[in-house]
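Worksheet for the structure shown next.
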Amino acid sequence: MSAPSRPFLPVLVRREHASLAIKLVAPPAALGLATLLNLGLYLLMGRDPVAVFHAMLLEPFLSWASFSEVLLKMGPLLLIAQGLAIGFRAKVFNIGAEGQFILGAIFASAIPIWLPQATGQWIWPAMLVLGALGGALWASLTAFWRVRLNANEILVSLMLALVAAQLLNYLLLGPWKDPAGFNFPQSVMFQYDAMVPILIPGTRVNASLLIAFAFSLAAWVFMQRSFAGYKLQVGGLAPRAAGYAGFNEGRAIWLSLLIGGFAAGLAGAAEVAGPLGQLQRSISTGYGYAAIIVAYLGGLHPIGIVFSALLMAALYIGGDNAMVSANLPVAAVRVFQGSLLLAYLVAIAFVRYRLEWRHAAHGSAP
Amino acid sequence: MNALEFIVAGMLAAATPFLLAALGEMVAERAGVLNLGVEGLMAMGAVIAFIIVYHGGGHLLGFLAAGLASAALSLVFAVIALGFRANQVAVGLAIGILGQGLSALFGKTYESLTVKGLPKLSLPWFSDIPVIGGLFAQDVVVWLSLAGTVAIWAVFAYTKTGLVVRAVGENPKAAHALGYPVIAVRFAAVAFGGVLAGFAGAYAAVVYTPLWADGMIAGRGWIAIALVVFGTWLTSRIFLGACLFGAVSLASLAAQATGLDVSSQLLSSLPYLVTIVVLGIISSNRRLLKLNGVASLGEPFEQ
Numbered sequence: 001m002s003a004p005s006r007p008f009l010p011v012l013v014r015r016e017h018a019s020l021a022i023k024l025v026a027p028p029a030a031l032g033l034a035t036l037l038n039l040g041l042y043l044l045m046g047r048d049p050v051a052v053f054h055a056m057l058l059e060p061f062l063s064w065a066s067f068s069e070v071l072l073k074m075g076p077l078l079l080i081a082q083g084l085a086i087g088f089r090a091k092v093f094n095i096g097a098e099g100q101f102i103l104g105a106i107f108a109s110a111i112p113i114w115l116p117q118a119t120g121q122w123i124w125p126a127m128l129v130l131g132a133l134g135g136a137l138w139a140s141l142t143a144f145w146r147v148r149l150n151a152n153e154i155l156v157s158l159m160l161a162l163v164a165a166q167l168l169n170y171l172l173l174g175p176w177k178d179p180a181g182f183n184f185p186q187s188v189m190f191q192y193d194a195m196v197p198i199l200i201p202g203t204r205v206n207a208s209l210l211i212a213f214a215f216s217l218a219a220w221v222f223m224q225r226s227f228a229g230y231k232l233q234v235g236g237l238a239p240r241a242a243g244y245a246g247f248n249e250g251r252a253i254w255l256s257l258l259i260g261g262f263a264a265g266l267a268g269a270a271e272v273a274g275p276l277g278q279l280q281r282s283i284s285t286g287y288g289y290a291a292i293i294v295a296y297l298g299g300l301h302p303i304g305i306v307f308s309a310l311l312m313a314a315l316y317i318g319g320d321n322a323m324v325s326a327n328l329p330v331a332a333v334r335v336f337q338g339s340l341l342l343a344y345l346v347a348i349a350f351v352r353y354r355l356e357w358r359h360a361a362h363g364s365a366p
Numbered sequence: 367m368n369a370l371e372f373i374v375a376g377m378l379a380a381a382t383p384f385l386l387a388a389l390g391e392m393v394a395e396r397a398g399v400l401n402l403g404v405e406g407l408m409a410m411g412a413v414i415a416f417i418i419v420y421h422g423g424g425h426l427l428g429f430l431a432a433g434l435a436s437a438a439l440s441l442v443f444a445v446i447a448l449g450f451r452a453n454q455v456a457v458g459l460a461i462g463i464l465g466q467g468l469s470a471l472f473g474k475t476y477e478s479l480t481v482k483g484l485p486k487l488s489l490p491w492f493s494d495i496p497v498i499g500g501l502f503a504q505d506v507v508v509w510l511s512l513a514g515t516v517a518i519w520a521v522f523a524y525t526k527t528g529l530v531v532r533a534v535g536e537n538p539k540a541a542h543a544l545g546y547p548v549i550a551v552r553f554a555a556v557a558f559g560g561v562l563a564g565f566a567g568a569y570a571a572v573v574y575t576p577l578w579a580d581g582m583i584a585g586r587g588w589i590a591i592a593l594v595v596f597g598t599w600l601t602s603r604i605f606l607g608a609c610l611f612g613a614v615s616l617a618s619l620a621a622q623a624t625g626l627d628v629s630s631q632l633l634s635s636l637p638y639l640v641t642i643v644v645l646g647i648i649s650s651n652r653r654l655l656k657l658n659g660v661a662s663l664g665e666p667f668e669q
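Taken in sequence, the protein lines are chains A and B.
The first sequence lines up with residues 1 to 366 when you count with this note's numbering.
The second sequence lines up with residues 367 to 669 when you count with this note's numbering.
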């Protein structure tokens with residue numbers, strides 16, 4: 001069969017056993033590959049790649065001041081990604097977490113905007129609860145469309161995210177605009193009791209990071225230890241088997257979307273009740289989309305996601321650093337995020353496949 | 367010009383980005399590949415075309431380069447999703463994020479700059495008909511897109527190429543057994559979809575609204591993907607759907623111009639809301655989707 005005229009081509013061959021070693025190596029390998037590619041891009045753009053590398057990937061970890069900002073950014077990413085990963089494992093692709101995040105922020109803001117004089121320690125917990133419910137409510141629209149109307153949840157959840165952004169604009173330009181805010185599209189500043197308590201004195205890191213870790217623990221218990229989580233995973237891996245076993249597909253979709261919406265809404269509430277202290281147009285810098293990457297990069301596993309959320313948060317802070325110190329546009333962060341996910345998807349292919357060099361078979365493409 | 371004439375005259379131009387991107391996605395999906403990166407591919411085409419036209423390269427070169435750039439990006443998708451058999455949903459999302467990021471990066475210094483669009487070419491006599499006359503005065507890209515739509519329809523209706531693409535999407539194992547190169551056909555379909563998405567973005571950026579603004583694609587790539595479902599993978603219905611969306615986006619403009627007391631945010635979200643509603647209506651007809659859907663859409667092929 002090995003006629004010399006046939007080209008020598010790489011072929012992916014299925015492994016007999018999935019390789020756990022590669023599963024662990026894939027994320028750092030992807031980070032390395034994406035870093036190389038992006039540094040090359042910066043070089044082409046005429047920036048000093050060493051300076052950008054230093055600002056983007058090292059500086060966030062070099063001082064306590066910037067690392068605390070990384071922890072601050074990590075909270076929402078961790079929360080949203082944990083929620084999304086549960087759905088992704090059930091093959092329910094909620095990609096509209098951005099919208100659920102915005103609705104969470106809007107619902108939470110209703111309390112301090114309508115009751116600006118209210119005081120008491122109940123305010124910020126009530127905001128978080130209301131925000132989580134708002135996110136879940138927004139996600140329930142997608143669940144209804146998917147389960148009752150058979151509509152694709154990817155498209156519906158994304159469209160609802162675009163609608164949510166317009167709803168936020170409407171509120172900030174209209175009824176919720178701060179009358180004393182010089183016409184800026186933002187609400188009044190919230191009262192002191194509407195703020196989530198600071199966790200680490202001297203920084204902006206607040207208790208919502210603890211909530212994100214608690215949620216991660218709950219996600220781990222749910223996915224790795226509970227029967228409901230098991231049913232979700234079977235539905236994702238082998239939908240037919242799940243059907244034969246009597247696992248209800250509609251219920252799995254509802255559960256996935258409600259959990260995802262709940263977590264994203266909670267994250268949105270924690271943003272306005274935390275570092276922002278008001279409802280603004282720029283409440284989210286793409287957390288909902290970045291969290292999709294965090295979920296995949298963490299292997300859709302609650303523990304892996306903790307690490308990938310930290311990495312993604314560092315990239316945000318590093319991107320801001322590089323913007324200031326190396327004059328790199330903010331969009332570079334999005335390019336890095338996209339290429340990081342692509343590199344990871346290539347690396348993860350080697351968990352199930354290995355590369356073999358073979359002569360091409362009879363006339364068909366490899 | 368009253369609102370009706372305004373919508374009739376502008377509908378086809380507004381529909382063109384939707385139409386081109388949706389037809390490209392339809393071809394890829396017919397071959398069994400779900401490419402969710404259309405929004406990023408359009409953004410990429412848009413910025414490349416804008417930069418070239420802005421620097422005096424002309425519209426033809428702008429469109430060609432946009433098609434090439436988006437095709438290149440769609441080939442990255444193909445290599446990872448088809449070559450490495452990665453999850454097509456995840457790869458598509460990543461390509462979308464990457465394309466939008468690159469678009470913002472390249473377009474940064476062009477923010478709010480403008481270029482000249484294209485002149486309208488009128489069909490004699492027809493364009494003088496009252497009320498609907500405006501329908502027959504369109505720029506060259508619209509005319510070519512209409513011709514291309516007919517061509518794509520004919521390829522799927524009458525040629526062996528169309529049959530092979532559909533066979534590869536319906537039952538890749540059988541197509542492979544018959545000797546058709548499944549992966550090569552899928553690569554070609556994805557690249558074709560990339561070219562059309564690039565054209566769609568180029569049209570949006572240098573003809574329809576010849577002004578550069580980051581995020582100018584504004585969800586049109588996603589609506590194009592939804593249009594493929596609305597059109598149940600059929601060229602003619604996708605064309606009608608694109609016209610509907612062209613009309614909807616113009617209707618919101620017309621409503622604003624007449625000073626109708628509706629918030630502009632509601633009007634901006636009108637296309638998204640219409641998408642959600644129509645998606646619900648079409649999808650709830652499970653038989654229709656099953657009949658026209660692509661059997662192995664999104665599934666990797668291993669021989």
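Built from N, CA and C at the ideal position, the CB exists for glycine as well.
Owing to the predicted nature of the structure, the values given are computational and were not obtained by experimental measurement.
Any chain B beta carbon closer than 8 Å to residue i
i, result
"residue 292 of chain A", "yes"
"residue 103 of chain A", "no"
"residue 247 of chain A", "no"
"residue 314 of chain A", "no"
"residue 244 of chain A", "no"
"residue 339 of chain A", "yes"
"residue 86 of chain A", "no"
"residue 240 of chain A", "no"
"residue 145 of chain A", "yes"
For residue i, three-class secondary structure by DSSP
i, result
"residue 353 of chain A", "strand"
"residue 503 of chain B", "strand"
"residue 186 of chain A", "strand"
"residue 402 of chain B", "coil"
"residue 654 of chain B", "helix"
"residue 666 of chain B", "coil"
"residue 225 of chain A", "helix"
"residue 600 of chain B", "coil"
"residue 474 of chain B", "helix"
"residue 366 of chain A", "In this prediction, residue 366 of chain A scores a pLDDT of 41, lower than 50, which makes its location untrustworthy; no coordinate-derived value is stated."
"residue 117 of chain A", "coil"
"residue 63 of chain A", "coil"
"residue 397 of chain A", "Outside the shown range of chain A, which is 1 to 366, sits residue 397 of chain A, and nothing can be said about it."
"residue 255 of chain A", "helix"
Integer Cβ distance of residue i from residue j, believed to fall under 8 Å
i, j, result
"residue 391 of chain B", "residue 404 of chain B", "6 Å"
"residue 463 of chain B", "residue 289 of chain A", "6 Å"
"residue 585 of chain B", "residue 162 of chain A", "5 Å"
"residue 155 of chain A", "residue 592 of chain B", "5 Å"
DSSP beta-bridge partners of residue i
i, result
"residue 198 of chain A", "A:206"
"residue 480 of chain B", "B:577"
"residue 10 of chain A", "A:357"
"residue 633 of chain B", "For residue 633 of chain B, which the question treats as bridged, DSSP gives no partner whatsoever."
Within-8 Å CB hit, residue i to chain A
i, result
"residue 642 of chain B", "yes"
"residue 716 of chain B", "Absent from the structure is residue 716 of chain B, since the part of chain B shown begins at 367 and ends at 669."
"residue 578 of chain B", "no"
"residue 455 of chain B", "yes"
"residue 649 of chain B", "yes"
"residue 583 of chain B", "no"
"residue 327 of chain B", "Summary: the structure shown does not reach residue 327 of chain B, with chain B confined to residues 367 through 669, and so no result is reported for it."
"residue 635 of chain B", "yes"
"residue 474 of chain B", "yes"
Chain D within 8 Å of residue i, Cβ atoms only
i, result
"residue 151 of chain A", "Note that chain D does not occur in the displayed structure, where the protein chains are A and B."
Counting Cβ pairs closer than 8 Å, one from the region 468 to 481 of chain B and one from the region 416 to 425 of chain B, do we hit at least three? Yes, the region 468 to 481 of chain B is in contact with the region 416 to 425 of chain B.
Inter-stretch contact (C-beta, 8 Å, three-pair minimum) for the region 126 to 137 of chain A and the region 258 to 273 of chain A:
Of all C-beta pairs linking the region 126 to 137 of chain A to the region 258 to 273 of chain A, three or more are shorter than 8 Å, placing the two stretches in contact.
>> Three or more C-beta pairs under 8 Å: does that hold for the region 245 to 252 of chain A against the region 74 to 81 of chain A?
In response: Below 8 Å, too few C-beta pairs join the region 245 to 252 of chain A and the region 74 to 81 of chain A to call them touching: fewer than three.
Requested in this report: Pair every Cβ in the region 214 to 224 of chain A with every Cβ in the region 296 to 306 of chain A, then say whether three or more of these pairs are closer than 8 Å.
Outcome: Contact holds: three or more Cβ-Cβ distances are below 8 Å.
Discussion item. Under 8 Å, with one C-beta from each stretch per pair, do the region 93 to 104 of chain A and the region 305 to 318 of chain A reach the 3-pair mark?
Written reply: Cβ pair count under 8 Å is below three, so no.
| Is it a yes or a no for the region 587 to 596 of chain B touching the region 427 to 436 of chain B, going by three-plus beta-carbon pairs under 8 Å? | By the Cβ test, the region 587 to 596 of chain B is not in contact with the region 427 to 436 of chain B, since fewer than three Cβ pairs between them sit closer than 8 Å.
**Prompt:** Does the region 557 to 567 of chain B touch the region 432 to 451 of chain B, meaning 3 or more C-beta pairs lie closer than 8 Å?
**Reply:** Segments in contact, yes.
Report task. Spell out a yes or no on whether the region 107 to 127 of chain A and the region 143 to 150 of chain A are touching, meaning 3 or more CB-CB pairs, one atom from each, closer than 8 Å. Result -> With the cut-off at 8 Å, the region 107 to 127 of chain A and the region 143 to 150 of chain A do not touch.
Does the region 534 to 542 of chain B come close enough to the region 658 to 665 of chain B that 3 or more CB-CB pairs lie under 8 Å?
Contact holds: three or more Cβ-Cβ distances are below 8 Å.
Check: Is the region 347 to 359 of chain A in contact with the region 572 to 581 of chain B, if contact means three or more CB pairs nearer than 8 Å?
Finding: No, the region 347 to 359 of chain A does not touch the region 572 to 581 of chain B.
Discussion item. Within 8 Å, do at least three Cβ pairs link the region 167 to 183 of chain A to the region 115 to 128 of chain A?
Written reply: Put simply, the region 115 to 128 of chain A does not touch the region 167 to 183 of chain A. Fewer than three CB pairs are less than 8 Å apart.
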